[in-house]
Amino acid sequence: MGGAHAPLATSDDLQLDLSEARDWLALLKPRVMTLVVFSGIVGLLVAPGSIHPVLALTAILCIAIGAGAAGAINMWYDRDIDAVMRRTASRPIPAGRIRPEAALSFGVVLAVASTMVMGLAVNPVAGAVLAASIGFYVFVYTMWLKRRTPQNIVIGGAAGAFPPVIGWAAVTGSLSVEALVMFAIIFVWTPPHFWALSLYASGDYQRAGVPMLPVVAGAKATRRQIWWYSLLLVPVSLLPVAIGMAGPAYAAAAGVLGAYFLYVMWRVKRDAQDESGVSLSNDAPARAGFRYSILYLFALFTALAADVLVFGA
6 MGGAHAPLAT SDDLQLDLSE ARDWLALLKP RVMTLVVFSG IVGLLVAPGS
56 IHPVLALTAI LCIAIGAGAA GAINMWYDRD IDAVMRRTAS RPIPAGRIRP
106 EAALSFGVVL AVASTMVMGL AVNPVAGAVL AASIGFYVFV YTMWLKRRTP
156 QNIVIGGAAG AFPPVIGWAA VTGSLSVEAL VMFAIIFVWT PPHFWALSLY
206 ASGDYQRAGV PMLPVVAGAK ATRRQIWWYS LLLVPVSLLP VAIGMAGPAY
256 AAAAGVLGAY FLYVMWRVKR DAQDESGVSL SNDAPARAGF RYSILYLFAL
306 FTALAADVLV FGA
């Protein structure tokens, strides 16, 4: 017949579509989301009682989408400082690949959808805690604390500590001491984790005017704070044993992991510095400390889940 035919898609069109999809995915901060989702799954696995597999998958998906929504809104709000930081200048918004208002709409829609589905399909408590976690990250950390105080990571760390609580609430429909203990572990872990990063990214934060601790108090003070929080983290990591949530297997794993955490962070504290506190090793210990802190939390929560599921403390 004589009708016009639509042009066939070319390889360039497909590459463009994939590139655009990667940009939208980048708004969700997938690397951060991995740890968020993992800790949420652990909260779900160690909670007493049972949950239908479909509802469990729904809860995990809502945690992932909610975390991604918060990340997208964070990128929208921080687009001005992201543009002047080398570490973030290539993100989709400052690089001009996604319009700010489109990113904001994307984040808001995902935030509303994830909390509504969690509340209606799983249970209202899990939905409320998910909404609180998104709200805390967006309004308390991103819009209030991040640009105003060097304690932004300390207080704002609560945002990243919510996922295991959400997972617990998805199963039980309630909160408990056990959920709060998992929250406390991540809350205390967050400062040494992010301050290790901030030591070698302090130039970026200074250019952007973000009052991270190394910028405001200096590298020496930051290293001391990393050490004190690391010392606090080890006993906090043993709280699951103290309350009867986990047993000797977890205690042994937490002890070994914690001992190495202290070793790594002691190296950060003792890193050779000039008179102004600048590392003479290009912050190699801080980079190693940041990497190990991620592995530490994954391993610690894996040990907790394994202990509870295998030995049923």
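By this note's numbering, the letter at position 46 of the sequence shown is numbered 51, and the numbering carries on one by one without gaps. Glycine included, C-beta positions come from ideal geometry on N, C-alpha and C.
With a cutoff of 8 Å on beta-carbon distance, tryptophan 271 and tryptophan 233 are scored as not near each other. Cβ-Cβ distances below 8 Å link glycine 101 to nothing in the same chain once the five nearest sequence neighbours on each side are left out.
In this structure, the alpha-carbon of proline 155 lies about 31 Å from that of valine 114.
Secondary structure note for isoleucine 158: its alpha helix (DSSP H) is the uninterrupted segment 157-166. With the rule of 3 Cβ pairs closer than 8 Å, the stretch 216-230 does not count as touching the stretch 247-255. One thing to note: arginine 96 has its Cβ no nearer than 8 Å to the Cβ of alanine 26. Residue pairing of serine 284 in beta bridges, as defined by DSSP: Gln278. Taking C-beta separations shorter than 6 Å and ignoring five residues to either side along the sequence, the partners of alanine 213 in its chain run Ile86, Val89 and Met90, following chain order.
Around the C-beta of glutamate 106, fewer than 16 other C-beta atoms lie within 10 Å, and the residue is accordingly described as exposed.
For the 8 Å CB-CB criterion, leucine 33 and glycine 76 form a contact. Under the three-state reduction of DSSP, serine 179 is assigned to coil, being neither helix nor strand. Valine 246 has its alpha-carbon roughly 10 Å from the corresponding atom of alanine 259.
A direct Cα-to-Cα measurement between glycine 263 and threonine 307 gives close to 14 Å.
In the structure shown, methionine 250 falls within a coil segment according to DSSP collapsed to helix, strand and coil. Just so you know, the alpha carbons of serine 284 and alanine 163 end up roughly 29 Å apart.
Judged by DSSP secondary structure, aspartate 85 falls within the alpha helix (DSSP H) whose first and last residues are 84-87. By the CB criterion at 8 Å, serine 286 and aspartate 279 fall outside the cutoff. Judged by DSSP secondary structure, phenylalanine 303 falls within the alpha helix (DSSP H) whose first and last residues are 289-316. In this structure, alanine 131 sits near alanine 175, with a CB-CB distance shorter than 8 Å. Annotated as proximal: glycine 45 and proline 168, with beta-carbon spacing under 8 Å. When C-alpha distances from isoleucine 56 are compared across Ala311, Trp194, Trp173 and Leu244, the shortest belongs to Trp173. DSSP places serine 242 in the uninterrupted alpha helix (DSSP H) bounded by 224-242. Around the beta carbon of phenylalanine 188, a 10 Å sphere encloses 16 or more other beta carbons of the protein chains shown; the residue is thus reported as buried.
For the options Leu202, Ser138, Ala289 and Val41, the alpha carbon positioned closest to that of phenylalanine 295 is the one of Leu202. Taken in chain order, the unbroken stretches of alpha helix (DSSP H) that lie wholly in the stretch 26-90 and span 4 residues or more are 35-51, 58-82 and 84-87. In terms of Cβ geometry, proline 53 and threonine 147 do not form a close pair [threshold 8 Å]. In this structure, isoleucine 78 lies near valine 143, with their beta-carbon atoms less than 8 Å apart. Closest option to alanine 293, judged by alpha-carbon separation, among Leu62, Tyr205, Leu243 and Gly161: Tyr205. DSSP places phenylalanine 111 inside the alpha helix (DSSP H), whose first and last residues are 105-122. Note that the C-beta distance between isoleucine 139 and leucine 150 is not below 8 Å.
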